[in-house]
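To start, the structure itself, in structure tokens.
Here it is, written out as structure tokens:
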């Protein structure tokens, strides 16, 4: 995990993560239910948009609304906004309406991921490029979490673990055993020894 993303000019907006109301595991379950009721040739990306909004808070803003809000923001005119937004000013209006709206590029990425998800695991497994893009996970879910994280200014460098050492510290009995570098599995043996159950 990295804090800061080029797309946000390395600013962070952690409050955007609060729009995620469902774990990726639960989203996968709901997506699987959809896939069981649809054949890939009659499945539609639009069918899944309400679930995407429910789970991640991401949505497609109609072009007319985008144009209208763009004008309101440029003019600093919040007369169509809620009372809270009127008090907060045009920046809050912009944030409220635009922060979770999907860009055209993001929609394109999600459509492609949706098609890959509908293709099924066996077909995806044959394609090295698909593995590189989605890491063996559900393509639509991976891209949704990536887009949400990017909007929040968070980046992930891998689909699994990295080789970066993880600091570990301890206080109390046996704390001196937790200095230096050691394999993560040694934590178990150190704790067992302190508890009197091991001698390693």
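Numbering (the numbering used here), first residue to last: 10 to 209. Backbone N, C-alpha and C define an ideal beta-carbon position, used for all residues, glycine too.
Contact between the stretch 32-50 and the stretch 149-161: three or more CB pairs below 8 Å? They touch, by the three-pair rule.
To the nearest angstrom, how far is the alpha carbon of residue 30 from that of residue 193? As a first step, residue 30 must be located in the chain shown, where it is residue number 21. As a first step, residue 193 must be located in the chain shown, where it is residue number 184. Cα to Cα, the separation comes out at about 32 Å.
How many angstroms separate the CA atom of residue 56 from the CA atom of residue 200? In the chain shown, residue 56 corresponds to position 47, counting from 1. In the chain shown, residue 200 corresponds to position 191, counting from 1. Looking at the two C-alpha atoms, the distance is approximately 51 Å.
Look up residue 122 in the DSSP assignment and say whether it is helix, strand or coil. Position 113 of the chain shown holds residue 122. If DSSP states are grouped into helix, strand and coil, residue 122 belongs with the helices.
Going by DSSP in three states, residue 191 sits in which element: helix, strand or coil? Your numbering for residue 191 matches position 182 in the chain shown. Residue 191 falls in the coil class under three-state DSSP.
Environment of residue 23 [buried if 16+ CB atoms lie within 10 Å]: For the purposes of this step, residue 23 is taken as residue 14 along the chain shown, with counting starting at 1. It is exposed - the Cβ of residue 23 has fewer than 16 other Cβ atoms within 10 Å.
For residue 183 and residue 69, the rounded distance between their alpha carbons: Residue mapping note: residue 69 aligns to position 60 of the chain shown, counting from 1. Residue mapping note: residue 183 aligns to position 174 of the chain shown, counting from 1. Each residue's Cα considered, the two are about 55 Å apart.
To which residues does DSSP link residue 11 through a beta bridge? Here residue 11 is taken as the residue at index 2 of the chain shown, counted from 1. DSSP, once it has assigned bridges, lists 164 as partnering residue 11.
Can you give me the C-alpha to C-alpha distance between residue 219 and residue 75, rounded to a whole angstrom? Nothing can be reported for residue 219, as the shown portion of the chain is limited to 10 through 209.
Do the CB positions of residue 157 and residue 26 come within less than 8 Å of each other? Working through the chain shown from its first residue, we reach residue 157 at position 148. Working through the chain shown from its first residue, we reach residue 26 at position 17. Yes, the Cβ-Cβ distance between residue 157 and residue 26 is below 8 Å.
Cα separation between residue 78 and residue 13? Within the chain shown, the letter at position 69 stands for residue 78. Within the chain shown, the letter at position 4 stands for residue 13. Roughly 27 Å separates the two Cα atoms.
Residue 139: first and last residue of the uninterrupted alpha helix (DSSP H) it sits in: Counted from its first residue, the chain shown places residue 139 at position 130. 137-143 is the extent of the alpha helix (DSSP H) around residue 139.
Report the partner residues of residue 198 according to the DSSP bridge assignment. Reading the chain shown from its first residue, position 189 is the one you call residue 198. DSSP lists no partner for residue 198.
Determine the closest residue to residue 178 out of 15, 144, 186, with distance taken between C-alpha atoms. Walking along the chain shown from the start, residue 178 turns up at place 169. For residue 178, the nearest C-alpha among the options comes from 186.
Three-state class that DSSP yields for residue 18 in the structure shown: As a first step, residue 18 is located in the chain shown; it is residue number 9 there, counting from the start. It is coil, neither helix nor strand.
Whose C-beta lies closer than 8 Å to the C-beta of residue 225 among residues of the same chain, with five residues either side of it excluded? The shown model of the chain, from 10 to 209, leaves out residue 225, and the question about it has no answer.
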